[in-house]
Amino acid sequence: MSKNPYELTWKEIPIGFIHTDYMSAKKNHTGSWRSERPIWNEAQCIKCGVCSLFCPEACIVQDEKGYFHADLDYCKGCGVCAHECVTGCIAMKPEEA
Amino acid sequence: MVKRKGVESSIALADAAAMCNVDAISAYPITPQTHIVEHLSEWVNNGELDAEFIPVESEHSAMSAALGTSAMGARTFTATASQGLALMHEILFIAPAMRLPVVMAVANRALSGPISIWNDHGDIMCERDIGWIQIFAENGQECFDLTPACFKIAEDKRVILPTILNFDGFIVSHMIEPIEYWEQETINNFLPDFEPQIKLDIRNPSTMGAVGVPEIYYEARIAQNEALLNSKSVIKEVFEEVTKITGRPYNLVESYNMEKAEVALFMMGSLTETAMTAVKNLKKRGIEVGIVRPRLWRPYPTEEIIEAIGNIKALGIVDRAMGFGAQSHPVASEVKSTLYSSDKRPVVCEYVIGLGGRDVRIEDIEAMFLELIEAAKSGKSQPVKYIGVRE
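Protein sequences, first through last, are from chains A and B. Residue numbers for the first sequence follow this note's numbering, so the first one is 1 and each next one is one higher. Residue numbers for the second sequence follow this note's numbering, so the first one is 1001 and each next one is one higher.
And the structure:
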């Protein structure tokens, strides 16, 4: 599906509504849903990576210094990382309107 | 040389499925369908049929497994009846939506309650709008002939839809009758190998059964309905081929003695054979009546039904299922609305007969025909009549 799938007419629906465009879910930027974003206090972070293991979007990545950050294109702001953090170094900050 | 042998219809149907070289069978035994899958499991167990037989714990799982094997590109067969078909209900919708050409034989049986293992069309009438192609066989020979036809229709690239082959439980399923088997070579030439459009393949990933958000669900449903409506021409083509192979007429809608008849009964399944005897008996008395029997039920063959009804004066519509609290019972509802969309206005009499395995006698049908002749004379339509019920 090259066209925006929401603009397809019924004649353009692929047979059986089967999606053959591999990895197409990546185009769906779920970060737009977010009302809060996780902020890491690197002074308290022990680089254990528990946050990245629990992230339901698998969008928490490690930087070159070993600290963790959320990819805000996909982070929905669910707060699971903040809840699971061993040292409590992740705070959920409301998004500015 | 075509072999003709005395065999139970269920066994003939199972043999036909095996001769179609099915790859996967998932099934749960339920009366009166059990002999079919029992026989197929023997074939697989004895190494005579190279197929995967998946025994499951319920019909819900039988249909789910069938979707899985079909999605993998396997020619898939299952069979069920009554409560089993009802238990499949939610999964039945998925097969046509995902365009998986599963073939299922349904030995039509009454639904509970009261509990009944006997024949009527209560089970399939609850599932008539699930999006499957639905065909009604009249006897064991049709069960055999239509099995390869179902696979051919279902798997045709212009169709790709699951198909149900209905036949009356016990009355047909357990009847031993002389059945002409096709040669294996005839089936091989008739039925090409199943080439799925898309199959589950890790080298070529795809998502089957994705969510349809409000922006796209509607279009997906319309696309599915159009596919079903468009299948009619292919079904006709395949039936014509079956006619050529067998020398037996396979039309979407069969007419019997309609040329001379002024009144007719509209019915499906094996009941037609009883009705044909009634037609012959009345003929001897100089009374000409006819029968219209749709072999294809979904997609509903509107044009063919209107053509078959012709210009008769009175039409009796026979239901073998209850539509509780409905304006009419299922078949009558549909046939009456067919008439409304055409310019035909025969007098209509509605009948329910043979529920839960109640025997239908030739005299019952003769009485219905005679009543239709009276209705044609008086010009008065008649509300539904429950034939044979004790008042």
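Beta carbons are placed, not taken as given, at the ideal position from N, Cα and C, and that holds for glycine. It should be emphasised that the depicted structure is a prediction, and the values quoted were computed from it without experimental measurement.
Residue span of the alpha helix (DSSP H) that contains residue i, given as start and end
i, result
"B:S1026", "Counting along the chain, B:S1026 falls outside any alpha helix (DSSP H), though it belongs to the beta strand (DSSP E) covering 1024-1027."
"B:G1212", "Run containing B:G1212: none; DSSP gives neither H nor E here."
"B:G1290", "Taken as a continuous stretch (DSSP letters only), B:G1290 belongs to no alpha helix (DSSP H), being part of the beta strand (DSSP E) at 1289-1294."
"B:L1372", "1362-1378"
"B:S1082", "1082-1092"
"B:D1359", "Unbroken run through B:D1359: none, as it is neither H nor E."
"B:I1124", "1122-1125"
Cβ pair residue i, residue j closer than 8 Å
i, j, result
"B:S1064", "B:F1053", "no"
"B:A954", "B:A1314", "Nothing in the structure corresponds to residue 954 of chain B, since chain B is present only between 1001 and 1391."
"B:A1012", "B:F1144", "yes"
"B:P1162", "B:L1200", "no"
"B:F1167", "B:A1107", "yes"
"B:S1026", "B:A1066", "yes"
"B:E1363", "B:E1273", "no"
"B:K1152", "B:V1238", "yes"
"B:F1266", "B:G1323", "no"
"B:G1068", "B:F1093", "no"
"B:N1119", "B:I1171", "yes"
"B:G1356", "B:S1116", "yes"
"B:A1024", "B:T1080", "no"
"A:I60", "A:C81", "yes"
"B:I1353", "B:V1384", "no"
Residue-level contact to chain A via CB, residue i, 8 Å cutoff
i, result
"B:E1417", "Only positions 1001 to 1391 of chain B appear in the structure, and residue 1417 of chain B is not among them; the question remains open."
"B:G1212", "yes"
"B:I1198", "yes"
"B:M1104", "no"
"B:R1158", "no"
"B:P1205", "yes"
"B:A1097", "yes"
"B:M1267", "no"
"B:M1258", "no"
"B:I1115", "no"
"B:A1223", "yes"
"B:I1216", "yes"
"B:E1226", "yes"
"B:M1072", "no"
"B:T1208", "Sequence check: residue 1208 of chain B is Met here, not Thr. Yes - at least one Cβ of chain A is within 8 Å of the one on B:M1208."
Buried versus exposed, by CB contacts within 10 Å (16 or more), residue i
i, result
"B:D1129", "exposed"
"A:I90", "buried"
"B:L1372", "buried"
"A:K47", "exposed"
"B:I1202", "exposed"
"B:E1219", "buried"
"A:E7", "exposed"
"B:R1285", "exposed"
"B:D1123", "buried"
"B:R1361", "exposed"
"A:D63", "exposed"
Start and end residues, beta strand (DSSP E) containing residue i
i, result
"A:I39", "36-40"
"B:M1104", "1103-1108"
"B:P1383", "1382-1386"
"B:V1347", "1347-1352"
"B:F1266", "1263-1266"
"B:E1394", "This structure cannot speak to residue 1394 of chain B, because chain B is shown only from 1001 to 1391."
Test: residue i CB closer than 8 Å to a CB of chain B
i, result
"A:L53", "no"
"A:H29", "no"
"A:F68", "no"
"A:Y74", "no"
"A:M1", "Low confidence applies here, because A:M1 scores a pLDDT of 46, under 50, leaving its location unreliable; read the following figure in that light. A:M1 does not count as touching chain B."
"A:W10", "yes"
"A:P56", "no"
"A:H83", "no"
"A:P38", "no"
"A:T87", "no"
**Segments of 3+ residues assigned as beta strand (DSSP E) that fall wholly inside the region 49-97 of chain A** = The region 49-97 of chain A contains these whole beta strand (DSSP E) runs: 60-62, 68-70, 90-94.
**Request:** Please list the segments of the beta strand (DSSP E) lying wholly inside the region 1130-1201 of chain B, counting only runs of 3 or more residues, in order along the chain.
**Result:** 1133-1136, 1163-1168, 1176-1181
**Entirely enclosed alpha helix (DSSP H) segments - the region 1008-1070 of chain B, minimum 4 residues** = If we require 4 residues or more, the alpha helix (DSSP H) runs fully inside the region 1008-1070 of chain B come out as 1009-1019, 1034-1045.
**Message:** Suppose only complete runs of 4+ residues qualify. What are the alpha helix (DSSP H) ranges in the region 1269-1333 of chain B, listed by chain order?
**Reply:** 1271-1284, 1302-1309
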